[in-house]
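First to last, the sequence lines map onto chains C and H.
With our numbering applied, the first sequence covers 6 to 651.
With our numbering applied, the second sequence covers 6 to 651.
Every residue, glycine too, gets a C-beta built ideally from N, C-alpha and C.
Protein chains: 2
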Amino acid sequence: MRRSIATVSLSGTLPEKLEAIAAARFDGVEIFEPDLTGFPGRPRDIRDMAADLGLTIELFQPFRNAEGLGPAAFQRTLHRLERKLDLMEELGAPLMLVCSNVEPDAIDDDGLAAEQLRAMAERAGARGIRLGYEALAWGTHVSTFDHAWRLVERADHPHLGLILDSFHTLALPHDWSGIADLPGERIFFVQLADAPRLDMATLMLSRHHRCLPGQGELNVGGFTEAVLRAGYTGPLSLEIFNDALRSAPTRQTAKDGMRSLLHVEEQVRRVEAARRILSDGVAETKSIATAPRRVELFDPPTPARLDGVAFVEFAVNHAAQAKLADELKRLGFRRLGRHRSKDVDLYGMGDIRFVLNAEPHSTAHSYYLLHGASVCAIAYEVDDPLRAVGRAEAFGCPRFEGRVGPNELSLPGIRSIGGELVYFTRRRADGSIDFETDFLLDDGGAAQPDAAHRIDHIAQVLPEGALDAAILFHRAVLDLEPEPVVVLADPFGLVRSRAISDQRRRVRFPLNIASGRNTSAARSVSTYLGAGVHHIALETSDLFAAAERLRATGVAILPIPANYYDDLAARFDLDEDLLATMTRLNILYDRQGDGEFFQLYTQPFEGRFFFELVERRGGYDQYGAANASIRMAASSQLGAHDTLVG
Amino acid sequence: MRRSIATVSLSGTLPEKLEAIAAARFDGVEIFEPDLTGFPGRPRDIRDMAADLGLTIELFQPFRNAEGLGPAAFQRTLHRLERKLDLMEELGAPLMLVCSNVEPDAIDDDGLAAEQLRAMAERAGARGIRLGYEALAWGTHVSTFDHAWRLVERADHPHLGLILDSFHTLALPHDWSGIADLPGERIFFVQLADAPRLDMATLMLSRHHRCLPGQGELNVGGFTEAVLRAGYTGPLSLEIFNDALRSAPTRQTAKDGMRSLLHVEEQVRRVEAARRILSDGVAETKSIATAPRRVELFDPPTPARLDGVAFVEFAVNHAAQAKLADELKRLGFRRLGRHRSKDVDLYGMGDIRFVLNAEPHSTAHSYYLLHGASVCAIAYEVDDPLRAVGRAEAFGCPRFEGRVGPNELSLPGIRSIGGELVYFTRRRADGSIDFETDFLLDDGGAAQPDAAHRIDHIAQVLPEGALDAAILFHRAVLDLEPEPVVVLADPFGLVRSRAISDQRRRVRFPLNIASGRNTSAARSVSTYLGAGVHHIALETSDLFAAAERLRATGVAILPIPANYYDDLAARFDLDEDLLATMTRLNILYDRQGDGEFFQLYTQPFEGRFFFELVERRGGYDQYGAANASIRMAASSQLGAHDTLVG
């Protein structure tokens, strides 16, 4: 596929945008007119710049409110059109986007509109320029792709074709299955954008909340597959109007945009494969199964099978290493071993592995200097680490090579978009995880029953505006899927939270964005420097026993207000003894259908991250969002208390 | 009036909220249950705290999904109700807000709902507690105040009354004129909130975009007048769900909230006065003109008549003073005089007066140290400066007393919400402005024709989240009215702009909020420290002549891209010579009906603020928003160029 992006999708001046687009290896670009109007050079300068960068100028846009006009107004349109065709000749743009009229006084007459489109196409054709007509979802009379197509068909001019846009098509409750039946050669251009499903007017959603495909909730993959089935062979082009992207770093947006297009292409492959299965033996008029596709789609290594989090690595110095080791021991962890050549300790409990890295001059050390004691890497247990890294690289993630001592294992790893490291490791035939070979293992020690046996979820805090990019990264690279957005109320601001997880729930990451600077989430991590792990939830099969053990070993537990338990008593029919025990042990409760959830929190380690212990019963599949406000209120209280006692 | 606020309207912990509410001199408070649930003490601690602070606990809220239930579900509601009545007894809250059921499976049966409300009122009454029933605008079956009233009337229990909320009433397209006909003693409580008119679902608007009365577009004054006409004598209570306020400084929100309630009360007086005029000689069933009102409304000094901006004061040091003086002279200003005792110069052109304050150890000096060369004060010409200050003080603005030398005038002034000074001054019988007596005036000098004669508008940049408070301040204190919001695209982010002005257009302030940190607006002022004047537009009667003069004197004019003029040629039927002259002089153009607008910009002074010259023809009444993107793109280009040349 040729890959393109509209300049409106990125922040910056037009030259900055073009450079970033080229650096992210797009083939082409749509020039959004206001970007050109504000550029202090001439259209030919942009033509030259794009050529130097190896970018094709695919399209010039938008030309508005052009059809369905009275005679005088249409004369003014033709005057305006000629001026813009002059510009396009100088720019070297072969195609103009003409969008359906949105003026309230547009004339509702398909014959008139088609005639005017034809007259315009005649003018454009005389210059060797083509026009693509696009239905805006809020067009006064023309708001659907099929209505736009009827006008194009009726106008019947070789220089007039259709432009399809996934947002305008998918945002309306309008059947789009007919797209595959369109004649592909009459589709002149295809724009892609995703969006969340928000309960607001389509115009507002489009202008401010579009997002990159894979970040929202529209079926962009299905739409694109239909377009290709129709026989379209032109570029796929991102056109994103999004408030956050308008002020986001230009190069990062371009990189994310490329990852998004690659993700769409893979989705198309999946839709095709599904269609092949369903159509087995069924005759289809236009089938991807019978007609060879005429474009090449991105074909990355398939996702490795994710079996869980193999280990979490903490960047520490010596003091923090000792302190965190003490905290972990109180939680029931044992020291499993020490690294052969580095100042790194391994702690474990059940299947949970924590690496405490205090090695000087290491990547972890740099991370420690920037962020303090914090999680600097996460390792996944997968069936094929090399395939996992290959896939990540195919999606534009740089491979990471750490320092490796003689006879030590080089863990395949990448840098995630926030700068953190992600490793891939696998379980060997003897049940051990391969990274453990680098550790001189301690002898067992008195094995007490484990308080917890696996990592349930790892909650992260991201800087404002970074959620969409993180969702796309996890979705494309790790094949995780996002869960619904929830909004949590901290005493000092709202926290938007969206978890991303695999189908088998082996890996769950609630990703949080704090809207204020004083929320407990924002205070606990360096949100201005990068993403940060906020808490790690450990799953236990008996939270009450575990809580008693934690009391005995002196782990500082987050105190939960008594009012919370009065409210629980009002909302749920809970046994009085159980409620009394929960009150004593600071255990919170949630219910979902027949599922029940019990959770408790430790107090933050150095005010930065904390641990959670959870017990899931009866298929409970959430994270206790109903209790998050209580946790944040209790945590902010703790901060106040901390200040009081110095 | 008793004045109250719901704790959900503010950020912080419950004790912080109560302290801020008391400090802003509210009489009472609504306790929002989650605030109490997250508080690590008991309800009685809050009762004691409120009593110590002199606050009445007016209401406990919300109690949800209580009516229209099947028998088993209603039994659970009664169980929940009893627990919450226990809590309210301990809290000392006399009234509970019960809001209409929003569950999809609520039963649509007024008789059942009324019966269940009556049963609940019976339980509450046994404890001496009253229930207020409120229709949520998105209630499944009950969504309007009159429907809620029919249920309350039908339930017919002395402990059950109606709660009215301006948001739920005004956000729907539902006739609310019947409010005045309700029996006032059956209205148990009144909540006030405003909102912008945004094209989104009412639920989303309510949860995230409510604002303080006077900040939005709902007729809260008319609503409140109707409530009082009905005979309601209870508190007016703010209930604001707003994302920005959830992370805003608690005390500032409380102060703004009080100002908002005072503004509403004055609006009620105005509605009453208008009704008195209209009802002169007309018999009304319930008339404010015949029935004495039973509550006292806030009665501030009436607004002074605003005749324009008398002067703008710049904080400078000696170097900046000389540099700015040079810039002003090139613009056509003359030095009019020097302050009798301070290091302060006065410059003027036409009716425009600029004060350049380099006095050490002054307020201006502190401002200079914080913000660099910048506008530190604005003085208004009014008919009665003391009344203007008296009104501002009544609305909670602290009076400012500067250092005054012997025989010098003490200008009445206040501190605005951003910390800037606002002075009030008046024109004397001889035509001079009174503040000029403090200056030793220079002899005239060669008077050339003025390039500009008055200040057209002063554009300011506010920190994110501060727009609503600024709108309310200007509306309440200075009797200005907001114009519609426009969204402008800077290459590095969106800029939301809302102008506020007086009816006679003597004073116009476009207020801007930049969503990114790199927009030209955000870069030019210290948005993290406080508000800042971004540019000052001077009105001229012949911009072309003025532009030629500026060329001659060497003022650096913002260069406008040639592409802009090509676009003008496409959009408007402009004379070619005119267009060529505009291109040469960097003059921008806009049209609105028959009105025309010509404008040009100077390059920023020390990268911070700049001047604009404007010519309005034929009643043009805007600010050239269509050109703002071009100005911002050109300005960002300038920044890049500045960097290149060092």
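Counting only C-beta atoms, is residue i closer than 8 Å to chain C at any point?
i	result
residue 465 of chain H	no
residue 499 of chain H	yes
residue 638 of chain H	yes
residue 642 of chain H	yes
residue 218 of chain H	no
residue 110 of chain H	no
residue 494 of chain H	yes
residue 532 of chain H	Its pLDDT being 45, under 50, residue 532 of chain H is placed unreliably by the model, and the measurement read from it follows with that caveat. No - not a single Cβ of chain C is within 8 Å of the one on residue 532 of chain H.
residue 89 of chain H	yes
residue 662 of chain H	Any question about residue 662 of chain H goes unanswered here, given that chain H covers just 6 to 651.
residue 648 of chain H	Residue placement at residue 648 of chain H is flagged as unreliable, the pLDDT there being 33, under the threshold of 50; a coordinate-derived value is accordingly withheld.
Using the beta-carbon of each residue, which ones in chain C are nearer than 9 Å to residue i?
i	result
residue 69 of chain H	Residues of chain C passing the Cβ test: none, with the nearest at roughly 11 Å.
residue 634 of chain H	39, 42, 43
residue 328 of chain H	Those do not exist, as residue 328 of chain H stays about 26 Å from chain C at its closest Cβ, beyond 9 Å.
residue 11 of chain H	Within chain C, no residue comes near residue 11 of chain H; the closest Cβ sits about 14 Å away, beyond 9 Å.
Grab the span of the alpha helix (DSSP H) containing residue i for me, first residue to last.
i	result
residue 333 of chain C	323–336
residue 127 of chain C	115–131
residue 162 of chain H	Unbroken run through residue 162 of chain H: none, as it is neither H nor E.
Using the beta-carbon of each residue, which ones in chain H are nearer than 8 Å to residue i?
i	result
residue 205 of chain C	203, 204, 205, 206, 209
residue 363 of chain C	Those do not exist, as residue 363 of chain C stays about 35 Å from chain H at its closest Cβ, beyond 8 Å.
Could you work out which residues of chain C lie near residue i, taking near to mean beta carbons separated by less than 8 Å?
i	result
residue 564 of chain H	45
At which residues does the beta strand (DSSP E) containing residue i begin and terminate?
i	result
residue 383 of chain H	379–387
residue 37 of chain C	33–37
residue 66 of chain C	61–68
residue 138 of chain C	135–139
residue 9 of chain C	8–11
Chain H beta carbons: is any one of them nearer than 8 Å to that of residue i?
i	result
residue 4 of chain C	Within the shown structure, residues of chain C are numbered from 6 to 651, placing residue 4 of chain C beyond reach of any answer.
residue 588 of chain C	no
residue 215 of chain C	no
residue 133 of chain C	no
residue 18 of chain C	yes
residue 517 of chain C	no
residue 248 of chain C	yes
residue 262 of chain C	no
residue 525 of chain C	no
residue 14 of chain C	no
Determine whether the beta carbon atoms of residue i and residue j lie at a separation below 8 Å.
i	j	result
residue 319 of chain H	residue 378 of chain H	yes
residue 48 of chain H	residue 19 of chain H	no
residue 215 of chain C	residue 245 of chain C	yes
residue 269 of chain C	residue 250 of chain C	no
residue 376 of chain C	residue 464 of chain C	no
Who are the neighbours of residue i on chain H, taking C-beta pairs under 7 Å?
i	result
residue 569 of chain C	42
residue 92 of chain C	571
residue 576 of chain C	85
Show which residues of chain H have a CB atom less than 9 Å away from the CB atom of residue i.
i	result
residue 489 of chain C	Here the premise fails: no neighbours, minimum Cβ distance about 15 Å.
Does the beta carbon of residue i sit closer than 8 Å to a beta carbon anywhere in chain A?
i	result
residue 251 of chain H	Among the protein chains of the structure shown, namely C and H, there is no chain A.
Touch test, the stretch 127–134 of chain C against the stretch 176–191 of chain C, Cβ-Cβ under 8 Å, three pairs minimum: no
The stretch 77–85 of chain H contacting the stretch 47–59 of chain H, beta-carbon criterion three pairs below 8 Å: no
Does the structure place the stretch 376–390 of chain H close enough to the stretch 333–349 of chain H that three or more beta carbon pairs sit under 8 Å? no
Between the stretch 494–503 of chain H and the stretch 263–279 of chain H, do at least 3 Cβ pairs fall closer than 8 Å? no
Could you say if the stretch 64–77 of chain C and the stretch 102–118 of chain C meet the contact criterion of at least three C-beta pairs nearer than 8 Å? yes
Tell me, please, whether the stretch 573–584 of chain C touches the stretch 617–630 of chain C by the rule of three or more beta-carbon pairs shorter than 8 Å. no
contact_flag[the stretch 194–203 of chain C, the stretch 154–165 of chain C] where n(CB pairs < 8 Å) is 3 or more: no
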